[in-house]
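Respectively, the protein sequence lines represent chains L and Z. Just so we're aligned, residue 1 is where the first sequence starts under our numbering, counting upward by one. Just so we're aligned, residue 476 is where the second sequence starts under our numbering, counting upward by one. Report on the structure given below.
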Amino acid sequence: MDSDEESFGKSDSGHNSPTDDEDDFPMEMDQPPVKEKAMETDEYPYETLTTENIVQTMIDCIDDINSVLNLPKTTTRILLNHFKWDKEKLLERYFESNQEKFFRDAHVVNPFNKPKLKNKPKVPSSGLEECEICLSTFPPNMMTGLECGHRFCTNCWGEYLTTKIMEEGLGQTIACAAHNCDILVDDVTVTKLVPDLRVKVKYQLLITNSFVECNRLLRWCPSVDCTCAIKVQYVEYRPVQCRCGHIFCFQCGENWHDPVQCRILKKWIKKCDDDSETSNWIAANTKECPNCNVTIEKNGGCNHMVCKNQSCKYDFCWVCLGPWEPHGSSWYNCNRYDEDEAKAARDAQERLRSSLARYLHYYNRYMNHMQSLKFEHKLYASVKEKMEEMQQHNMSWIEVQFLKKAVDILCQCRQTLMYTYVFAYYLKKNNQLLIFEDNQKDLESATETLSEYLERDITSENLADIKQKVQDKYR
Amino acid sequence: MAALPRRIIKEAQRLQLEPVPGISAVPDEQNARYFHVIVTGPADSPFEGGLFKLELFLPEDYPMSAPKVRFITKIYHPNIDRLGRICLDILKDKWSPALQIRTVLLSIQALLSAPNPDDPLANDVADLWKANEAEAIRNAREWTQRYAMDTTSM
Numbered sequence: 001m002d003s004d005e006e007s008f009g010k011s012d013s014g015h016n017s018p019t020d021d022e023d024d025f026p027m028e029m030d031q032p033p034v035k036e037k038a039m040e041t042d043e044y045p046y047e048t049l050t051t052e053n054i055v056q057t058m059i060d061c062i063d064d065i066n067s068v069l070n071l072p073k074t075t076t077r078i079l080l081n082h083f084k085w086d087k088e089k090l091l092e093r094y095f096e097s098n099q100e101k102f103f104r105d106a107h108v109v110n111p112f113n114k115p116k117l118k119n120k121p122k123v124p125s126s127g128l129e130e131c132e133i134c135l136s137t138f139p140p141n142m143m144t145g146l147e148c149g150h151r152f153c154t155n156c157w158g159e160y161l162t163t164k165i166m167e168e169g170l171g172q173t174i175a176c177a178a179h180n181c182d183i184l185v186d187d188v189t190v191t192k193l194v195p196d197l198r199v200k201v202k203y204q205l206l207i208t209n210s211f212v213e214c215n216r217l218l219r220w221c222p223s224v225d226c227t228c229a230i231k232v233q234y235v236e237y238r239p240v241q242c243r244c245g246h247i248f249c250f251q252c253g254e255n256w257h258d259p260v261q262c263r264i265l266k267k268w269i270k271k272c273d274d275d276s277e278t279s280n281w282i283a284a285n286t287k288e289c290p291n292c293n294v295t296i297e298k299n300g301g302c303n304h305m306v307c308k309n310q311s312c313k314y315d316f317c318w319v320c321l322g323p324w325e326p327h328g329s330s331w332y333n334c335n336r337y338d339e340d341e342a343k344a345a346r347d348a349q350e351r352l353r354s355s356l357a358r359y360l361h362y363y364n365r366y367m368n369h370m371q372s373l374k375f376e377h378k379l380y381a382s383v384k385e386k387m388e389e390m391q392q393h394n395m396s397w398i399e400v401q402f403l404k405k406a407v408d409i410l411c412q413c414r415q416t417l418m419y420t421y422v423f424a425y426y427l428k429k430n431n432q433l434l435i436f437e438d439n440q441k442d443l444e445s446a447t448e449t450l451s452e453y454l455e456r457d458i459t460s461e462n463l464a465d466i467k468q469k470v471q472d473k474y475r
Numbered sequence: 476m477a478a479l480p481r482r483i484i485k486e487a488q489r490l491q492l493e494p495v496p497g498i499s500a501v502p503d504e505q506n507a508r509y510f511h512v513i514v515t516g517p518a519d520s521p522f523e524g525g526l527f528k529l530e531l532f533l534p535e536d537y538p539m540s541a542p543k544v545r546f547i548t549k550i551y552h553p554n555i556d557r558l559g560r561i562c563l564d565i566l567k568d569k570w571s572p573a574l575q576i577r578t579v580l581l582s583i584q585a586l587l588s589a590p591n592p593d594d595p596l597a598n599d600v601a602d603l604w605k606a607n608e609a610e611a612i613r614n615a616r617e618w619t620q621r622y623a624m625d626t627t628s629m
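Okay, here's the thing in structure tokens:
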């Protein structure tokens with residue numbers, strides 16, 4: 001693998017250059033090799049967190065704040081969520097601003113005002129309270145509420161919270177059930193009042209999700225069905241590998257896309273998704289009927305066009321787009337068309353055509369590798385069979401592991417190759433591009449050879465031979 | 476259909492026993508969740524003197540979700556569209572299960588007194604309301620006379 005990666009590694013040093021501001025940035029081939037080495041060796045510390053780890057991280061975060069502020073834990077949690085789990089910002093605001101406003105903005109009742117609360121429930125003489133939701137009366141121990149003093153029966157609370165969690169997907173931001181009251185329900189109350197375990201699990205999930213989403217240093221592993229998150233110390237364009245094996249770019253969450261930068265990749269994906277090139281094709285290859293404006297592609301040599309639109313059927317000249325009638329008579333002057341204007345039109349069309357051709361060149365290769373990458377995943381299955389077969393031919397388990405490793409490498413190569421075409425599309429045409437393309441070519445041919453070896457049938461005679469070749473290739 | 480929740484029975488009873496001035500809400504004979512509503516146009520509004528018919532339906536998960544309310548009588552109002560649908564926050568995201576049919580209808584009556592052209596549902600009406608309020612109010616009054624005062628259609 002070294003030879004492949006290195007030939008490529010040299011050329012990709014441009015990706016961490018600071019010239020991101022232009023779309024077409026020149027590659028910086030003359031960077032000192034020191035930097036490249038640093039890039040490969042220096043560590044990017046990160047850890048994988050399971051759901052339990054995430055919950056623990058939240059609790060640690062709450063305890064940190066509480067060691068300073070000494071508020072009820074539930075209040076601290078709501079405050080932290082309000083400040084997107086930015087501890088410094090929370091403390092800064094707490095000590096800077098008016099406390100009353102601080103708590104009101106976070107939708108919690110100021111815990112220091114509690115004794116003065118006037119909203120305390122008045123228990124009628126009968127000893128029974130009416131729940132405003134179900135309009136039934138209950139003894140006070142069946143009624144509950146938040147610090148805001150609005151009380152409802154536990155049953156209605158449970159139903160209300162369940163609706164908010166299951167139907168609206170709210171977690172940390174469920175407000176009191178009373179009209180016009182924005183005091184938030186804390187997690188302990190929710191857990192106490194929700195009867196159904198399934199709803200509780202969903203609530204926990206919503207809470208951890210909002211924690212991860214609003215924390216810059218955390219990112220969910222994007223792989224399907226994986227519930228882990230990656231925690232880093234600082235955000236950077238770097239590959240991280242989750243416990244599940246998925247490797248992705250921490251900065252943007254896409255598959256690891258070296259040598260392309262996140263911003264360029266995003267642009268590329270957007271370009272592929274929108275139809276900008278479709279409209280280029282239309283502009284380059286079609287004209288509009290001068291009468292009804294329907295789009296027409298010319299498919300023959302004759303310049304006498306008859307619009308196929310049944311309600312139009314206009315006769316016109318493809319060259320000058322004027323009516324066809326005069327072209328057959330003596331005052332025909334299509335040939336005397338304004339030269340400059342015609343040239344400008346031709347040039348514009350030419351430009352669109354070549355830009356389309358250029359895009360398609362890179363897009364086809366990019367898609368081709370993406371397709372191959374999908375096929376290589378099938379290869380894992382067939383390689384497994386081959387490995388078993390080889391073990392029957394007097395090879396030890398450890399000896400045949402090279403095959404799986406080779407497929408791993410092959411997939412990596414394909415992925416890198418795929419993104420080199422995105423990279424190349426956004427490069428300016430200069431000598432460095434030529435060098436880049438040479439390296440790309442080397443990686444291409446090495447990858448193809450490796451792929452070929454792996455797909456060849458393995459017979460007992462050429463086993464040793466194949467092993468030799470495959471190992472040579474993936475080095 | 477499942478048995479009617481106690482809350483709906485109680486609300487219907489209270490609407491009968493302590494009616495709100497200017498509002499009547501009568502449950503349908505066939506369907507206790509469907510109410511025939513009549514709201515009188517508030518005094519000092521272009522809707523004064525009109526009787527507006529509405530329909531109100533309590534969905535399966537009421538009171539956890541808001542009732543569905545629609546004007547049946549045509550009305551010229553920036554927050555009510557041609558189909559009679561109403562733009563009112565408590566019928567959408569500001570709904571609270573502690574609100575009731577009574578409070579909802581009172582809010583709708585208040586909306587007639589205080590149209591809000593800055594949060595429009597019927598754009599053409601709202602535009603005129605902002606550009607030329609006098610003319611808009613004249614239109615509203617004319618519509619009230621034409622559609623909400625003809626007793627034969629009630």
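C-beta: ideal position from N, C-alpha, C; glycine also.
task: Evaluate tryptophan 157 of chain L with the Cβ neighbour count: other Cβ atoms within 10 Å of its Cβ, from every protein chain shown; 16 or more gives buried, anything less gives exposed.
output: The residue labelled residue 157 of chain L in the question sits at position 157 within the first sequence. Around the beta carbon of tryptophan 157 of chain L, 16 or more other beta carbons lie within 10 angstroms, which makes this residue buried.
query: Under a CB-based cut-off of 8 Å, is isoleucine 165 of chain L close to chain Z?
result: Along the first sequence, one-based indexing puts residue 165 of chain L at 165. False, the Cβ-Cβ gap to chain Z never drops below 8 Å.
- request: Go through its chain and collect everything with a Cβ distance to proline 517 of chain Z's Cβ below 7 Å, but skip five positions before and after it.
  value: Numbered from 1 along the second sequence, position 42 holds the residue referred to as residue 517 of chain Z. Cβ neighbours of proline 517 of chain Z beyond the five flanking positions: Glu523, Gln584, Leu587 and Ser588.
query: Within the present structure, is the beta-carbon of proline 590 of chain Z separated from the nearest heavy atom of the ligand PLP by less than 7 Å?
result: With respect to small molecules bound, the structure shown includes none, and the ligand PLP cannot be examined in it.
- request: Output the distance between the C-alpha atoms of valine 579 of chain Z and aspartate 594 of chain Z, rounded to the nearest integer angstrom.
  value: Mapped onto the second sequence, residue 579 of chain Z falls at position 104. Mapped onto the second sequence, residue 594 of chain Z falls at position 119. One C-alpha to the other measures close to 18 Å.
field: Neighbour-count burial assignment, valine 224 of chain L, 16 or more Cβ in a 10 Å radius
entry: Walking along the first sequence from the start, residue 224 of chain L turns up at place 224. That one is exposed.
- request: Residues of the region 491 to 515 of chain Z with a CB closer than 8 Å to any CB of chain L: list them in chain order, please.
  value: Of all residues in the region 491 to 515 of chain Z, none has a Cβ within less than 8 Å of some Cβ in chain L.
field: Assigned exposure category for glutamine 491 of chain Z - 16 Cβ within 10 Å defines buried
entry: Position 16 of the second sequence holds residue 491 of chain Z. Counting other Cβ atoms within 10 Å of its Cβ, glutamine 491 of chain Z stays below 16 and is therefore classed as exposed.
- request: Show which residues of chain Z have a CB atom less than 7 Å away from the CB atom of glutamate 159 of chain L.
  value: Walking along the first sequence from the start, residue 159 of chain L turns up at place 159. Here the neighbours are Met539.
task: Evaluate isoleucine 230 of chain L with the Cβ neighbour count: other Cβ atoms within 10 Å of its Cβ, from every protein chain shown; 16 or more gives buried, anything less gives exposed.
output: Here the question's residue 230 of chain L lines up with position 230 in the first sequence. Looking at its Cβ environment, which holds 16 or more other Cβ atoms inside 10 Å, isoleucine 230 of chain L is buried.
- prompt: Could you give the distance in angstroms between the alpha-carbon of glutamate 448 of chain L and the alpha-carbon of isoleucine 247 of chain L?
  reply: The residue labelled residue 448 of chain L in the question sits at position 448 within the first sequence. The residue labelled residue 247 of chain L in the question sits at position 247 within the first sequence. Approximately 23 Å, taken between the alpha carbons.
For cysteine 153 of chain L, the residue or residues it bridges with in DSSP: As a first step, residue 153 of chain L must be located in the first sequence, where it is residue number 153. For cysteine 153 of chain L, which the question treats as bridged, DSSP gives the partners L:Met143.
- prompt: When the Cα atoms are used, what is the spatial distance from threonine 50 of chain L to threonine 227 of chain L?
  reply: Numbered from its first residue, the first sequence carries residue 50 of chain L at position 50. Numbered from its first residue, the first sequence carries residue 227 of chain L at position 227. Take the alpha-carbon of threonine 50 of chain L and the one of threonine 227 of chain L: they are about 7 Å apart.
- request: Report the option in L:Ile409, L:Asn299, L:Phe375 and L:Trp281 whose CA atom is closest to the CA atom of lysine 351 of chain L.
  value: Counting from one through the first sequence, the residue named residue 351 of chain L turns up at place 351. Per the sequence presented here, residue 351 of chain L reads as arginine, with lysine not at that position. For the set L:Ile409, L:Asn299, L:Phe375 and L:Trp281, the Cα lying nearest the Cα of arginine 351 of chain L is the one of L:Trp281.
field: Test: alanine 178 of chain L CB closer than 8 Å to a CB of chain Z
entry: Taking the first residue of the first sequence as position 1, residue 178 of chain L is located at position 178. Interface residue, yes.
field: Reduced DSSP category for arginine 137 of chain L - H, G, I as helix; E, B as strand; rest coil
entry: Within the first sequence, the letter at position 137 stands for residue 137 of chain L. The sequence given here places threonine at residue 137 of chain L; arginine does not occur at that position. In this structure, threonine 137 of chain L counts as strand in the three-state DSSP scheme.
task: Report the residue from L:Ile398, L:Ala357, L:Leu410 and L:Ala406 whose alpha carbon sits nearest the alpha carbon of serine 372 of chain L.
output: On the first sequence, residue 372 of chain L is found 372 positions in, with the first residue counted as 1. Ranking L:Ile398, L:Ala357, L:Leu410 and L:Ala406 by Cα distance to serine 372 of chain L puts L:Leu410 first.
- prompt: Taking the Cβ atom as the reference point for each residue, do valine 422 of chain L and tyrosine 366 of chain L lie within a distance shorter than 8 Å?
  reply: Numbered from its first residue, the first sequence carries residue 422 of chain L at position 422. Numbered from its first residue, the first sequence carries residue 366 of chain L at position 366. Yes, these two residues count as a Cβ contact at 8 Å.
Inter-residue Cα distance where the pair is glutamate 159 of chain L and methionine 539 of chain Z: To locate residue 159 of chain L, count along the first sequence from 1; it is residue 159. To locate residue 539 of chain Z, count along the second sequence from 1; it is residue 64. Rounded to the nearest angstrom, the gap between the Cα atoms of glutamate 159 of chain L and methionine 539 of chain Z is 8 Å.
query: What are the residues that DSSP puts in a beta bridge with tryptophan 220 of chain L?
result: On the first sequence, residue 220 of chain L is found 220 positions in, with the first residue counted as 1. Bridge partners of tryptophan 220 of chain L: L:Ala229.
Partner residues on chain L for lysine 549 of chain Z, Cβ-Cβ distance less than 9 Å: For this step, residue 549 of chain Z is matched to residue 74 along the second sequence. By Cβ distance, chain L contributes nothing, its closest Cβ being about 30 Å from lysine 549 of chain Z, past 9 Å.
CA-to-CA distance, asparagine 598 of chain Z to leucine 477 of chain L, given in whole angstroms: Limits of chain L in this structure are 1 at one end and 475 at the other, which puts residue 477 of chain L out of reach.
task: Report yes or no: is there a C-beta of chain Z within less than 8 Å of the C-beta of isoleucine 183 of chain L?
output: Reading the first sequence from its first residue, position 183 is the one you call residue 183 of chain L. No, no contact with chain Z.
- prompt: Start and end of the beta strand (DSSP E) containing leucine 531 of chain Z?
  reply: As a working mapping, residue 531 of chain Z is identified with position 56 in the second sequence. Boundaries of the beta strand (DSSP E) around leucine 531 of chain Z: 526 to 532.
task: Just the C-alpha distance for leucine 265 of chain L and threonine 48 of chain L, rounded to the nearest angstrom, thanks.
output: Sequence index remark: in the first sequence, residue 265 of chain L carries index 265 (1-based). Sequence index remark: in the first sequence, residue 48 of chain L carries index 48 (1-based). Looking at the two C-alpha atoms, the distance is approximately 25 Å.
message: For serine 571 of chain Z and alanine 177 of chain L, which I take to be in contact (beta-carbon distance under 8 Å), what is that distance rounded to the nearest angstrom?
response: Counting from one through the second sequence, the residue named residue 571 of chain Z turns up at place 96. Counting from one through the first sequence, the residue named residue 177 of chain L turns up at place 177. The distance from the Cβ of serine 571 of chain Z to that of alanine 177 of chain L is about 6 Å, consistent with a contact at the 8 Å cut-off.
- request: Quick one: list the residues of chain L neighbouring glutamate 486 of chain Z, beta-carbon separation under 8 Å, in chain order.
  value: Translated into the one-based positions of the second sequence, residue 486 of chain Z becomes position 11. Taking a Cβ-Cβ threshold of 8 Å, the residues of chain L close to glutamate 486 of chain Z are Leu135, in chain order.
- prompt: Do you know how far the Cα of lysine 428 of chain L is from the Cα of isoleucine 435 of chain L?
  reply: Numbered from its first residue, the first sequence carries residue 435 of chain L at position 435. Numbered from its first residue, the first sequence carries residue 428 of chain L at position 428. Cα to Cα, the separation comes out at about 12 Å.
query: If you run the structure through DSSP and keep just helix, strand and coil, what is phenylalanine 83 of chain L?
result: Counting from 1 along the first sequence, the entry for residue 83 of chain L is found at position 83. If DSSP states are grouped into helix, strand and coil, phenylalanine 83 of chain L belongs with coil.
- request: Measure the C-alpha to C-alpha separation of alanine 541 of chain Z and lysine 567 of chain Z and round it to an integer number of angstroms.
  value: Mapped onto the second sequence, residue 541 of chain Z falls at position 66. Mapped onto the second sequence, residue 567 of chain Z falls at position 92. Straight through space, the alpha carbons of lysine 567 of chain Z and alanine 541 of chain Z are spaced by roughly 7 Å.
message: Please return the same chain residues whose Cβ sits closer than 7 Å to the Cβ of cysteine 214 of chain L, not counting the five positions on each side in sequence.
response: In the first sequence, the residue the question calls residue 214 of chain L occupies position 214. Counting only residues of its own chain and dropping the five nearest sequence neighbours on each side, cysteine 214 of chain L has a CB closer than 7 Å to the CB of Lys84 and Trp85.
Minimum Cβ-Cβ distance from alanine 106 of chain L to chain Z less than 8 Å: Walking along the first sequence from the start, residue 106 of chain L turns up at place 106. Chain Z, which has no Cβ nearer than 8 Å to the Cβ of alanine 106 of chain L, makes this no.
message: For alanine 606 of chain Z and tryptophan 618 of chain Z, what's the separation of their Cα atoms in angstroms?
response: Taking the first residue of the second sequence as 1, we reach residue 606 of chain Z at position 131. Taking the first residue of the second sequence as 1, we reach residue 618 of chain Z at position 143. A straight-line Cα-Cα distance of about 19 Å links alanine 606 of chain Z and tryptophan 618 of chain Z.
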